[in-house]
Amino acid sequence: MKHKKIILMLLALFLVMPSEAFAAYPSWARTNIDSEGIKITNGYQWNNHMSYPTLKYELRNNAFNVLYQDYIYEANWSVRIDGVDSSKRMMLMRPRSSEGDGRTLAQPADVSWWGGQLNGNPTFVQRKYGSGYTSIKNMVDGTTYRRAYSRDLGEWSGAIIRIAGTGEFDNGPNGNLLQLGRVLYTTTQFPTPTITAPSSTQAGKPITVNFTGKEYYPHSEYSTTPEIHYELKLDGKIIKKGIQYKSSFSDSQVVSSGICTAGTHTFELKLTDRVERSKTTTKTINITGSAADCEEIPGGGENPDPVLPPDVITGSCTTPQSVPPRYEHELDLQLNRIDARTVDLNAETETDLYLKREDFSQTRGQAKNEFDSYISTTNSYKADCQIKISTWESEISKMESGKQTCVAEKRPNCDVYDSAISLYRTQIASGQSMLPTYDQRINQAQNELSNIQNNESTYRTISANVELKHDGTLIANELVPLSEGQSVRKSYTWKVPTQAKDLMGQINNSGPFQEFKYTNLTNRSKVSLGYNSTLGNVLYPNTSSNNWKDTRQYVASYESGVCTPFTNQSGYFQDQKIEGVVRTVNDNWSKRELKEELTTKFTKLPREKMRAGYGFDYEITSYYRNFDSEYKPKAATGTKLMDGYFSSLVSYLPFEQGHSYPEFNLKGIPIPSVGINEGFKVPMQSQNPSTTFNETRKWLLPRIAVEEYSGNTFLFDNNDYLYHPERNLQDTILTADKQGNSLNKWFVPFSEPDGNYPFRVRTYDAGINHLNTCHNGKVLVDGVIIGDANGNDDYVKRAVTPENPFPAGIGWNWNGQVGKLTNLNEWYSNWFNNPTDLSTNDYKKQYYLTPDSMEKIRDYSVENPKPIIGESVTQVIPVDKK
């Protein structure tokens, strides 16, 4: 029996309630019948009943005198007997707020009816109900009701009982409807008697009657011993009777003096099983002729000599079996799971240990029932022995009286009475010597039962030692209270002092509780949990196999993707994917790693080819995914920083030669001095906000502003294009392209030589592991203004004439000075078609370059790389002129 406090809620006591009034059982509900009731795992399904906190009932089973409190009337379950649904149902009483034993019960008025339906003896079932009913008391108004427990009805009727699982059939399309269970009975038949005897014989001749019996009561189902009561009669008079303690038997009886009266005579055999189901069969015999010396059996067929049934005379009181072995209190403390979260070195992490204490209430209930059954059976043997002793004493009196009559009537064979009396006295002495054995073994079994109950109380809640160790060093130690069947998650916060090491959790490492369980309840053999009987192998040599779990405690990896060398043409624009472990889990020896993943890729490629002085743009998208869906995952975002690196810089952008950051300090901060100078470092900008666990961000180059005529570039976001000292306010500033898109571009200098223009992009600090990636890109520069290594400079060629000196429009530097060119129109119109044919006297001015003047011009160009507007080199450097 399970001693649990169980809660009940009444909806409408003893009324047949429609199934639509109840919420559905969950699909994982399990039901089965045990020695006490219907074991059902509830979970959350009874939460709705908490609205009736004061309405509860008390169940008491008189047979065991065990109290169950806090029940409710829940529903009416259908009953199926031998595959056929019954016209009546049984009510279900269920615990309201705890997992425990429910009971299906029948109304008092239906007890006899159920006995008949279950192929039992209705009179016997009704009589048993009178002393074995279940009492239900309303804890609110004190009203008491009597009901019959479905299992008892099966036992009293000789039927086998089972419970169909919930959800076997649905009551309608609404998912909230109750899916009821069903009580299933399989009936057994009445005993089967048979008689074999001759069909006819002569008067006075001996007659041998052979008879057999078989009964079908399910003894293994109800832990009882077989028992058949039999009576053999001749013409209505008993000639042999007794009890057989087995399911079938064969016997015979000899009527030695025969039957004296001619005619038809009848032998009758009646069998009765332990639930008083009786069956009778007969056999007729025809007696012919007469016998002069035949002595009629007194009383119409009874032999005047004593008929001494061998089972009564030679049978003795049943020797009780040995008391079952002691049931030691089963205890199994388990650490079923450990998980570790990755953090930075010397940072705090949280480790979860999942603890459990196994529930042995079912096997303990089996053991208690075993002792209860043993005590009941031994008491039955004792009572039966006392009845036998009384019967034998009565038979001695009959034998002594019979002998006196036999002697007085001077009958032969009176000595048989002495033999019978002697046998009975031997049986009485044997039985009386057995009575103290019954008492001794009953007391021993009762003590064992008390031992179980005392341990049950003592170990109802224990405090087990729990340890957490990192690389063998103890980092947490506490006592955790656990009641039977309880599962607990404990979380420990601590700092990780070293790189990746093993982490181990353990319960009851140093006791004080001895743990063991029985692999076989009957044999009661203790098994150390150092050997896992379920898996069949030793898992760990110096501790209980399920008392510990280990896993790997990782620290942030700062994993960095490798930049493919620029010389490797296939390395340009490649996607890069990198991952790191964020949590490790050891769940019942199934070890797994949960990871985070960073993928970065070009989602917009730059133009493949362009001229020097032009700009290109590109887009990189970073995808961060954290696959930790376990309890309290550590939050982290994706890429936090992205830099582009370029080999050249156009005018007035504020970027400087920069270092990439392949190394970080213990707090995840990049160390610039360790980095490599990879060119001008340009921080990229993200279009999207950062998010935890699942992040996608697009990254662009910074926004640029360009002077239309000078080609000078300025940073847009810090307002350089408005306030930079080199900004020419007379020039038109461009902040968007012709389609209105902002200029998130990188411009190469006008002097960039033809060939591949490589660049690099690095991403930093994604996730818990601070993941980093690297990408290479390139653009082909084809066509330069000046500075081509091969001398193939490109010039913009336009038709410029005095009539149209500004075919592309007037620039800021010619505003107000256009007349200087247009005034030359007349002079130009009178120009010679072939200037080389002119004499030297026809030129207005003529200059000669000498080696000395050319050297001066070169020096001047080095000192003054930028041309001075309105100043001519001839004004600065003296040259020969004529």
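Counting along the sequence shown from 1, when you hit position 640 you're at 639 in numbering that gives the first Met the number 0, and nothing is skipped either side.
All C-beta atoms in this analysis are idealised placements derived from N, C-alpha and C, irrespective of residue type, glycine included.
Could you pull the DSSP bridge partners for residue i from this structure?
i	result
C384	Its beta-bridge partners do not exist; DSSP assigns none.
S490	D351
C259	Note: C259 sits in no beta bridge, so no partner.
G614	F746
S559	N771
T598	K576 and Y622
L520	None, per the DSSP bridge assignment.
P682	D642
A475	L467
H228	I242 and T271
L502	H469 and T550
K608	L779
R582	R340 and L593
L233	K236 and F266
L733	V705
N803	T800
W698	I619 and S685
A202	None, per the DSSP bridge assignment.
G754	V780
Between the beta-carbon of residue i and the beta-carbon of residue j, is there less than 8 Å?
i	j	result
Y215	V274	no
A202	G288	yes
P323	G257	no
D753	V778	no
S689	T636	yes
V580	E596	no
F679	L648	yes
Y623	A765	yes
F746	T734	no
N450	E466	no
K576	L354	no
N775	T762	no
Q729	P701	no
G612	F749	yes
A634	T691	yes
Using the Cβ count rule (16 or more neighbours within 10 Å means buried), how would you classify residue i?
i	result
M853	exposed
R424	exposed
G115	exposed
K603	exposed
G614	buried
T271	buried
G901	In the structure displayed, the chain extends from 0 to 881; residue 901 sits before or after that span and is not available.
F758	buried
R857	exposed
L268	buried
T142	exposed
S621	buried
D781	exposed
P850	exposed
W813	exposed
A366	buried
K819	exposed
N824	exposed
R882	Lying before the first or after the last residue shown, residue 882 is absent from the chain, which here runs from 0 to 881.
R409	Residue 409 is actually Lys in this sequence, not Arg. Burial call: exposed.
Hey, is residue i close to the ligand ADP, as in C-beta under 7 Å from one of its heavy atoms?
i	result
G131	No copy of the ligand ADP appears in this structure; indeed no ligand is present at all.
Next item on the list: Report yes or no: do the stretch 327-341 and the stretch 407-423 share at least 3 C-beta pairs separated by less than 8 Å?
Entry: By the Cβ test, the stretch 327-341 is not in contact with the stretch 407-423, since fewer than three Cβ pairs between them sit closer than 8 Å.
Check: At a cut of 8 Å, does the stretch 149-157 reach the stretch 119-130 through at least three beta carbon pairs?
Finding: Contact holds: three or more Cβ-Cβ distances are below 8 Å.
Next item on the list: Scan the stretch 617-668 and note each continuous beta strand (DSSP E) run of 3 residues or more that stays entirely inside, going in chain order.
Entry: Correct list: 618-625, 640-645 and 656-658.
Margin query: What ranges does the alpha helix (DSSP H) occupy inside the stretch 77-163, keeping only unbroken runs of at least 4 residues that lie completely in it?
Written below: Runs of the alpha helix (DSSP H) inside the stretch 77-163: 110-116, 121-131 and 149-156.
Check: Are three or more beta carbon pairs between the stretch 424-435 and the stretch 444-463 nearer than 8 Å?
Finding: The stretch 424-435 vs the stretch 444-463: no contact.
Notebook entry, point to check: Would the stretch 446-457 and the stretch 488-498 be scored as touching if the rule is three or more Cβ pairs under 8 Å?
Noted result: no
Notebook entry, point to check: Using 8 Å as the threshold, is the stretch 235-246 in touch with the stretch 183-193, meaning 3 or more CB pairs across them?
Noted result: no
Check: If we count Cβ pairs, one from each stretch, closer than 8 Å, do we get three or more for the stretch 695-707 versus the stretch 605-613?
Finding: no
Check: How about the stretch 499-515 and the stretch 334-352: do they share at least three Cβ pairs that are nearer than 8 Å?
Finding: Contact annotation: the stretch 499-515 touches the stretch 334-352, with at least three C-beta pairs closer than 8 Å.
Next item on the list: Could you tell me which uninterrupted alpha helix (DSSP H) segments, each at least 4 residues in length, are contained entirely in the stretch 322-379, listed from first to last along the chain?
Entry: Along the stretch 322-379, the alpha helix (DSSP H) does not occur as any fully enclosed run of 4 or more residues.
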